[in-house]
Amino acid sequence: MSELAIGVFDSGVGGLTCVKELTKLMPHEDIIYLGDTARVPYGTKSVDTIAKYAKEDIAFLEQFNVKMILIACGTVSSVLMSRPLFENSSVSSFSGVIYPTVTAACAATRNNRIGVIGTPATIRSGVYGKAIREIRNDIKVFSKACPMFVPLVENGYTDRNDRVARLIAEEYLEGMKQEEVDTLILGCTHYPHLEGVISEVMGEGVKLISSGAEIAKYAERTLITGGEAADRSEQGKLTLYCTDSEELFAENVETFLGHKDNITIYRCSVK
Ligand code: DGL
């Protein structure tokens, strides 16, 4: 079991924030990643459509006999709370981003005021607020959907000095600043790619919690506790699949992972 790969998926490049952290924490693990770039964004679609896409993504990863599936997508993770996406799945170990992320946010807040930003589907579902209240009911939660962040990331507008990104971030985050949150959940895995600009707008005192990084930490804990972490000395292989052009995807991969070594990219179909 320990020698099998970890499966990770997202609608696009967002889940690479999880992959980056995973490869840092567990460099010996093989990782198979799927970015459904032909159908991104998921976050503006209905729950039925997101559930259908997610089941196809899961079925795609199952064929590699992975030991665990990480839903590195806030939007699909929010649907997982109401739809049995893993019913009849051959993979028994899986996780979405919600619980690992809220656990970190609850531990981080000092003034008990947490902000959550995510896609329209995630914010509409209210799952982050519900999950926070299950842990602590003395925390106030403020939410905001930021639909234009995903296209900014997918198109490479991520520099902290980018004028367009800055303007949009100011527009979206003004209310959060007024509510004086001291912790902000980046509830969509694309958003850490905009961490620089978000952090400039929110100010230094606000702690940003990356859902992609938190699910990676969760995976490390789970695999080590379960005795299923890879037991070898060589570097793990990173195999990336995307459902649209692999050239376009490769450009983003290099930008977001900071390298393209030891990585293979294939185009695939998941339908
Ligand atoms: N990265 C995803 C998320 O965490 C999806 C963004 C989208 O496809 O809209 O929600």
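Counted from 1, the sequence shown has number 254 at position 224 by the working numbering; the numbering is strictly sequential. Here a beta-carbon is modelled for each residue, glycine too, at the ideal position from N, C-alpha and C.
Sort the options by Cα distance to residue i and report the nearest one.
i, options, result
"Ala260", "Gly44, Lys50, Val38 and His58", "His58"
"Asn95", "Ser123, Lys54 and Leu278", "Ser123"
"Arg143", "Tyr129, Gly235 and Lys170", "Lys170"
"Phe179", "Asp212, Asp66, Ala68 and Gly217", "Gly217"
"Ala246", "Val43, Lys54 and Leu34", "Lys54"
"Ser240", "Glu92, Tyr221 and Arg140", "Tyr221"
"Val106", "Ile80, Thr67, Gly235 and Ile99", "Ile80"
"Arg163", "Leu278, Thr152 and Ala135", "Ala135"
"Lys174", "Leu182, Arg166, Asp168 and Gln208", "Gln208"
"Ser229", "Gly256, Gly42, Ala199 and Gly156", "Ala199"
"Gly37", "Met111, Arg113, Ala249 and Ile254", "Ala249"
"Gly145", "Glu258, Glu210, Leu52 and Asp291", "Glu210"
"Val132", "Glu244, Phe279 and Glu258", "Glu244"
"Lys50", "Asp291, Phe286, Cys298 and Ser299", "Phe286"
"Leu52", "Gly235, Met98 and Arg297", "Met98"
"Lys75", "Gly235, Pro150 and Pro130", "Pro150"
What residue range does the beta strand (DSSP E) around residue i cover?
i, result
"Cys272", "Leu268 to Cys272"
"Arg143", "Arg143 to Gly148"
"Ser240", "Lys237 to Ser240"
"Met206", "Looking at the DSSP string, Met206 is not in any beta strand (DSSP E); the run it does join, the alpha helix (DSSP H), is Arg193 to Gln208."
"Tyr158", "Counting along the chain, Tyr158 falls outside any beta strand (DSSP E), though it belongs to the alpha helix (DSSP H) covering Val157 to Ile165."
"Ser173", "Lys170 to Ala175"
"Phe39", "Ile36 to Asp40"
"Leu100", "Met98 to Ile101"
"Leu213", "One point to set straight first is that residue 213 is Thr, not Leu, in the sequence displayed. Here the beta strand (DSSP E) through Thr213 covers Thr213 to Leu216."
"Thr294", "Ile293 to Arg297"
What separation, rounded to the nearest whole angstrom, lies between the Cα atoms of residue i and residue j?
i, j, result
"Cys103", "Asp40", "5 Å"
"Ser32", "Ile293", "21 Å"
"Cys48", "Glu204", "27 Å"
"Cys272", "Leu224", "22 Å"
"Ile147", "Lys267", "32 Å"
"Thr139", "Gly233", "15 Å"
"Ala137", "Lys237", "11 Å"
"Ser263", "Ala35", "15 Å"
"Lys301", "Glu86", "6 Å"
"Arg69", "Arg166", "36 Å"
"Lys82", "Asp189", "33 Å"
"Gln93", "Arg193", "43 Å"
"Gly226", "Glu184", "16 Å"
"Gln265", "Ile101", "23 Å"
"Ile8", "Leu270", "Given a span of 31 to 301 for the chain in the structure shown, any question on residue 8 remains unanswerable."
"Ser125", "Asp60", "18 Å"
"Thr252", "Ala84", "23 Å"
"Glu201", "Asn118", "43 Å"
"Leu182", "Ser275", "18 Å"
"Ala195", "Glu277", "24 Å"
The alpha helix (DSSP H) with residue i in it runs from where to where?
i, result
"Thr79", "Val77 to Glu92"
"Gly226", "Glu225 to Met232"
"Thr131", "Ile128 to Ala138"
"Gly65", "No alpha helix (DSSP H) contains Gly65, which is instead part of the beta strand (DSSP E) from Ile61 to Gly65."
"Leu46", "Leu46 to Leu55"
"Leu287", "Glu276 to Leu287"
"Pro181", "Phe179 to Glu184"
"Val106", "Gly104 to Leu110"
Exposed or buried, residue i, counting other C-beta atoms within 10 Å across all chains shown (16 or more means buried)?
i, result
"Leu197", "exposed"
"Thr255", "exposed"
"Glu284", "exposed"
"Gly288", "exposed"
"Ser155", "buried"
"Gly44", "buried"
"Gly235", "exposed"
Please report the Cβ distance between residue i and residue j, rounded to the nearest whole angstrom; I am assuming they are in contact, meaning their Cβ atoms lie under 8 Å.
i, j, result
"Ile88", "Ser108", "About 16 Å; that fails the 8 Å criterion."
"Asp66", "Gly42", "7 Å"
"Asp212", "Asn141", "5 Å"
"Phe90", "Leu64", "6 Å"
From the beta carbon of residue i, is the nearest beta carbon of chain C less than 8 Å away?
i, result
"Asp40", "This model lacks chain C altogether; it includes just one protein chain."
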